[in-house]
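> In terms of this note's numbering, the sequence shown is residues 71 to 295. Ideal Cβ placement from N, Cα and C applies to all residues, glycine included. It should be emphasised that the depicted structure is a prediction, and the values quoted were computed from it without experimental measurement.
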Amino acid sequence: MINGLVYYHKIVEGSLTDGPGARTVLFMQGCTVRCPGCQNRHLWERTGATLESPHRVAEQLLATGQDITISGGEPTDQGFALFVLVGELTRSPRNPHIVIYTGRTLDAILADRSNNARWALAALLLADVVVDGQFDPRHDDDWLQWRGSRNQRPISIRESLRNMSQDGGSIENLSAYLVMDPRWERLTLSITPGGIVGPRGLIRRLTQGEQDVRSIAKCGSTTTR
Numbered sequence: 071m072i073n074g075l076v077y078y079h080k081i082v083e084g085s086l087t088d089g090p091g092a093r094t095v096l097f098m099q100g101c102t103v104r105c106p107g108c109q110n111r112h113l114w115e116r117t118g119a120t121l122e123s124p125h126r127v128a129e130q131l132l133a134t135g136q137d138i139t140i141s142g143g144e145p146t147d148q149g150f151a152l153f154v155l156v157g158e159l160t161r162s163p164r165n166p167h168i169v170i171y172t173g174r175t176l177d178a179i180l181a182d183r184s185n186n187a188r189w190a191l192a193a194l195l196l197a198d199v200v201v202d203g204q205f206d207p208r209h210d211d212d213w214l215q216w217r218g219s220r221n222q223r224p225i226s227i228r229e230s231l232r233n234m235s236q237d238g239g240s241i242e243n244l245s246a247y248l249v250m251d252p253r254w255e256r257l258t259l260s261i262t263p264g265g266i267v268g269p270r271g272l273i274r275r276l277t278q279g280e281q282d283v284r285s286i287a288k289c290g291s292t293t294t295r
């Protein structure tokens, strides 16, 4: 938003389904992408959002001591606020690992010349990983983790920028240098007090389809037992 405030729904600590490791997740509120089959339809409208300065939101996220994921809603709808927020996080001595989920492709954001898109791109380039693209139920996959459908790409921003720099490329051509983070393809199980967290397919294979296995819906396709 132009006023620079962050519109968000909530902050969740200790998530195991929004990127590698136990993470603190900021769910921003408001989305104009509106993927078919979205699991967070209640975050499409900004009505009822908490409004906070990026500085204050960064303080809350950093205080958890965990790595950080920014999801939604659609973070890139709030380009300037997102840029200020991620800038605050990256300047912290803690240097948390930052993942941003967006329903837009990085290619589309690169091609968009609006002011909001320029700020959003600047924010994404400060992250460690950007998971881009709409959720597409046709590409849902029970063996995925930390994303909803296989078309969504876990882009390693730092590796991609390094590739571009070594080749003498420019930001406008960043799409030609993208590197995917391999951790999104390594199946991971986490044992928690509430059960096992991991890809549905893997857990069902290990539990041989027992009836007490139940699904939970978050950024990745996950199951607890």
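1. Using the beta-carbon count (16 or more within 10 Å), is residue 75 buried or exposed?
2. How about residue 152 and residue 146: are their beta carbons less than 8 Å apart?
3. What's the C-alpha gap between residue 264 and residue 164?
4. Measure how close the beta-carbons of residue 138 and residue 159 come, nearest whole angstrom, since I'm counting them as under 8 Å.
5. Count the other CB atoms within 10 Å of the CB of residue 240; is the residue buried (16 or more) or exposed (fewer)?
6. Hey, residue 202 and residue 183: beta-carbon distance below 8 Å or not?
7. Measuring straight from C-alpha to C-alpha, what distance separates residue 196 and residue 97?
8. Which one or two residues does DSSP pair with residue 223 in a beta bridge?
9. Count the other CB atoms within 10 Å of the CB of residue 87; is the residue buried (16 or more) or exposed (fewer)?
10. Given this structure, state the Cα-to-Cα distance separating residue 110 from residue 142, to the nearest angstrom.
11. Going residue by residue through the region 82-165, where are the continuous alpha helix (DSSP H) segments of at least 4 residues, counting only ones entirely within it?
12. From the DSSP output, in three-state form, read off residue 291 for me.
13. Residue 260 by DSSP, collapsed to three states: which one?
14. Please classify residue 275: is it buried, with 16 or more other beta-carbons within 10 angstroms of its beta-carbon, or exposed?
15. Let me know the secondary structure DSSP gives residue 271 once reduced to three states.
16. Just tell me which of 106, 131, 189 has its CA closest to the CA of residue 162.
17. With a threshold of 7 Å on Cβ separation, who are the neighbours of residue 104 within its own chain once the five nearest residues in sequence on each side are excluded?
In short, the structure shows the following:
1. By the Cβ neighbour-count rule, residue 75 is buried, with 16 or more other Cβ atoms within 10 Å of its own.
2. Between residue 152 and residue 146, the gap from beta carbon to beta carbon is short of 8 Å.
3. Roughly 29 Å separates the two Cα atoms.
4. In this structure residue 138 touches residue 159 by the C-beta definition: roughly 6 Å separates them, less than 8 Å.
5. Residue 240 should be labelled exposed.
6. The Cβ-Cβ distance between residue 202 and residue 183 does not fall below 8 Å.
7. C-alpha separation (whole angstroms): 18 Å.
8. Its beta-bridge partners are 202.
9. Around the beta carbon of residue 87, a 10 Å sphere encloses 16 or more other beta carbons of the protein chains shown; the residue is thus reported as buried.
10. Distance between the alpha carbons of residue 110 and residue 142 is about 8 Å.
11. Runs of alpha helix (DSSP H) with 4 or more residues, each lying fully within the region 82-165, are found at 124-133, 149-160, listed in chain order.
12. Interpretation of residue 291 is limited by its pLDDT of 41, a score under 50 that renders its predicted location unreliable; no figure is taken from the coordinates.
13. Of the three classes helix, strand and coil, the one that applies to residue 260 here is strand, per DSSP.
14. Exposed: under 16 other Cβ atoms inside 10 Å.
15. DSSP places residue 271 in helix when its eight states are reduced to three.
16. Comparing Cα-Cα distances from residue 162 to each of 106, 131, 189, the minimum goes to 131.
17. Listed in chain order, the non-local C-beta contacts of residue 104 below 7 Å within the same chain comprise 114, local neighbours out to five positions each way being set aside.
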